[in-house]
Structure formats: C-alpha cells, structure tokens
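First residue of the sequence shown? That's 1 in full-length UniProt numbering, and the numbers climb one at a time after it.
Built from N, CA and C at the ideal position, the CB exists for glycine as well.
Only a predicted model underlies this, so the values are computations on that prediction, with no experimental measurement involved.
Here's the structure, in structure tokens; my notes come after.
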Amino acid sequence: MTVHHIAVLALDGVTPLDLAIPTQIFTARPETTYEMTLCALDEKVRTTAGFALVADGGLERVRTADTVIVPGFEPIASLPDAVLDTLAEARDRGRRVVSICTGAFALAAAGVLDGLHATTHWKHIDDFERDFPAVLVDRDVLYVDEGDVLTSAGVCCGIDLCLHIVRRDLGAEVANQIARGLVAAPHRDGGQAQYVPAPVAVAGEASLSATRGWALHRLGEPLTLRVLARHAGLSQRTFMRRFTEETGTTPLQWLLGARLGRARELLESTDRSVDQVARDCGLGTAANLRLHFRRTLDTTPTAYRRTFTRLASRGPADSPTVPTAPAFAGEAAAAR
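Spelled out as structure tokens, the structure:
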C-alpha cells in the first residue's frame, strides 16, 4: 500500500491539545498507510502551556507532504513569509491542506481559503470574518470539507475532522477502529453546531447517552421519536429538547447519520447484498438506501463498496476523492 505522508505544522504558540489530536489519530498503525511528521519553522516550538516541543522536520518536509495540517495557535499574529509561502505552495500543488481551530488564520493569511467556506473557534470567528473578507465563514458548524481544503472549529472539533478524514481515506471501519482506541465520543456530522448551550446534563438530569447507545444496537428496528422517548422515560417534547441540547442535532437526523454510518461499514466489511444492508441498518429498502447515499454521498452503495474494495489494497495516496457523509464513529464504536 502506498504511504500517505502527513506533515503536522506546529506554529509558535501552538495549542497542545490541537496538536495532540492529529498526531494521535494519524500516527502509524497496521490498518492505515499514514506516515506522520511533526514539523516546524524552527527545531523547537513554544506551546501555549509553557513547555517547548522538538520538531522532527522543517518546512522542506511540509513541501513534500500529501496532507498538511495546521493546529491552532495563540496569540494570533502575523506569520513569517516562509510559512505562508509554504502553505500557499501546498495548495497550488494540489495537496490536501487542513486546519484545526485557529490554524484557519494561517491558511487564510496564506490565501488558501479565498473563495472557500471555512470555520474556526467560535470565540475568534468575528475577528476571522473581519480580517479575511474573501473567506466564506460558516459560524455554526464543527468542520467544513471543501475537498482538498478542510477546516475545523474549536479544539476538540479537530477529533471530528480528523476521523472524518480517515473515513474519507480508508472507510468507516478503519475510522471506527481508531475511534474505539481513542474512546472518542461521539463522532459528529460536520454540520452540527460547534457551541452546544448545554453539553452536559444539568443537576438532577441524566444524560441521554444510554438511550443513544441502546438505539445503536437496534438500528435495524423501527426507532421513532416515541420509542426513543419512552426508553429515556421522558415525554417526546422533553426528549427532543434534551437530545438537541446534548448533541446539537435532532433525534431523527442523528438516527439517519448513524444508519448511514452503519451501512458504510457493512458495505466495506461484508459481502451482504444492498437489500440486506438496507434492512440491517434500518433504512428498509435498497431504493431508500440508494436515495440517501445519492443525497449525502453523491454515489451509489455499489460504487461505494467498489471504491473501498480498491482502497483496501492501495491506500489514500492513490485513491480518488472519496465521498463523505455523517457518521457517529465514536458513539457507535463504544456501543459495539
């Protein structure tokens, strides 16, 4: 399998958690073809936590990478021309360029995001929109996928984006394996809000995670709002409100995403027919499965299976652009 080289470019004042996410997810594993290198302008890099890091590579390694990832950094200030030129060159050469959190400021300053949709941490998004009017700013999303240019919102949204990239490159099964190892909870669709007003249960209330886990074991069964609310012991109205507060999406949107994620995994890892996959994941018929695949992935289940059959013996560096769709890898993985 062809090795896919990833350069994680740590800028001065890099946020440790932003940096840890891609270096953990893209570290070498038997089931992936990634080779990851920590890069920097200088050998030593200062972090916002006060300690310094030693980088293995410089900008020359960034220039030869297949994917360049820029984690968040503070304070957000002007960057050396050498950094901006390297990022612009990566984009011009058709390399995949990714930012996590405030790393989007670096991509925007290099002109990589001009004319594209992008996002960043919600605390900095007003400044981002003001400073870079050529960028189409998406305020209420976890991440934005523009093909070869991807940006994530604040900090932990980088987990969602990086797992999304693995899913694009290597499929849902491999992404779920990595999510299980990270105990990532949950993998979320990029279109969800990055700032959820009540991400944890308030005093006296229990989280609905048990109901979501219960549902993930029963995706092939009829799961209506009434059934889910009954399992949680709540009225449908209260369940809907609490579910949206916890996840940033509605129960039915969450179910559709979970079912599509399960369908993708079954298509990749089993030889079940499209009809069987549709029934097993709860989408009912092959026609319904094809409809949702066309709407969300712009492909068919058969073409999707054929793509990932090829990827199993080749790897992301050789693959065509792989369709994307919401999947709930972390929560689904924890439930299995």
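Legend entry - Whole runs of the beta strand (DSSP E) within the UniProt domain "HTH araC/xylS-type" (209-307), excluding any shorter than 3 residues: none
Inset, instruction - Go through the stretch 39-121 residue by residue and report every complete run of the beta strand (DSSP E) that reaches 3 residues or more, in order. - result: 44-46, 52-54, 67-70, 96-99
Inset, instruction - In angstroms with no decimal places, state the Cα-to-Cα distance between residue 262 and residue 281. - result: 6 angstroms
Inset, instruction - Taking 8 angstroms as the cut-off, decide whether the C-beta atoms of residue 240 and residue 250 are in contact. - result: yes
Legend entry - residue 130: CB within 7 angstroms of a non-hydrogen atom of the ligand COA: What this structure holds is no ligand at all, so the ligand COA is not there to describe.
Inset, instruction - In angstroms with no decimal places, state the Cα-to-Cα distance between residue 202 and residue 127. - result: For residue 202, the predicted model reports a pLDDT of 39, less than 50, meaning its position is unreliable; a value from the coordinates is still stated below. Each residue's alpha carbon lies about 32 angstroms from the other.
Inset, instruction - Pull up the distance between the alpha-carbon of residue 114 and that of residue 167, whole angstroms please. - result: 26 angstroms
Inset, instruction - Under 8 angstroms by Cβ, that's how I've got residue 339 and residue 104 pegged, so tell me the actual separation to the nearest angstrom. - result: Examination of residue 339 is not possible in this model, given that the chain is present from 1 through 336 alone.
Legend entry - Cβ-based neighbour list, residue 35, same chain, cut-off 8 angstroms, excluding 5 preceding and 5 following: 3, 4, 5, 6, 28
Inset, instruction - Measure the CB-CB distance between residue 154 and residue 101 and report whether it falls below 8 angstroms. - result: Against a cut-off of 8 angstroms, the Cβ pair of residue 101 and residue 154 comes out as a contact.
Inset, instruction - Please name the residue or residues paired with residue 8 in a DSSP beta bridge. - result: According to DSSP, residue 8 bridges with 38, 69.
Inset, instruction - In the DSSP assignment, find the beta strand (DSSP E) that holds residue 150 and state where it starts and stops. - result: 149-152
Legend entry - Supposed contact pair residue 14 and residue 71 - C-beta distance, whole angstroms, cut 8 angstroms: 6 angstroms
Inset, instruction - Please name the residue in 258, 286, 299, 307 whose C-alpha comes closest to that of residue 218. - result: 258
Legend entry - Limits of the beta strand (DSSP E) - the one that residue 144 falls within: In the DSSP assignment, residue 144 falls within the unbroken beta strand (DSSP E) covering 143-145.
Inset, instruction - Report yes or no: do three or more beta-carbon pairs, one from the stretch 56-64 and one from the stretch 38-47, lie closer than 8 angstroms? - result: yes
Legend entry - For residue 137, three-class secondary structure by DSSP: strand
Legend entry - Option nearest residue 63 by Cα separation, candidates 81, 99, 91, 112: 91
Inset, instruction - Thinking residue 226 and residue 234 are a contact (beta carbons under 8 angstroms), I'd like their distance in whole angstroms, please. - result: Between residue 234 and residue 226 the Cβ distance is about 11 angstroms, and since that is not below 8 angstroms, they are no contact.
Inset, instruction - Mark residue 221 as exposed unless 16 or more other C-beta atoms lie within 10 angstroms of its C-beta, in which case mark it buried. - result: exposed
Legend entry - C-beta contact flag for residue 157 and residue 25 at 8 angstroms: no
Inset, instruction - Tell whether a beta-carbon distance below 8 angstroms holds between residue 172 and residue 264. - result: For residue 172 and residue 264, yes; Cβs fall inside 8 angstroms.
Legend entry - Neighbourhood of residue 61 by C-beta, 6 angstroms cutoff - its chain only, sequence neighbours within 5 removed: 7, 37, 39
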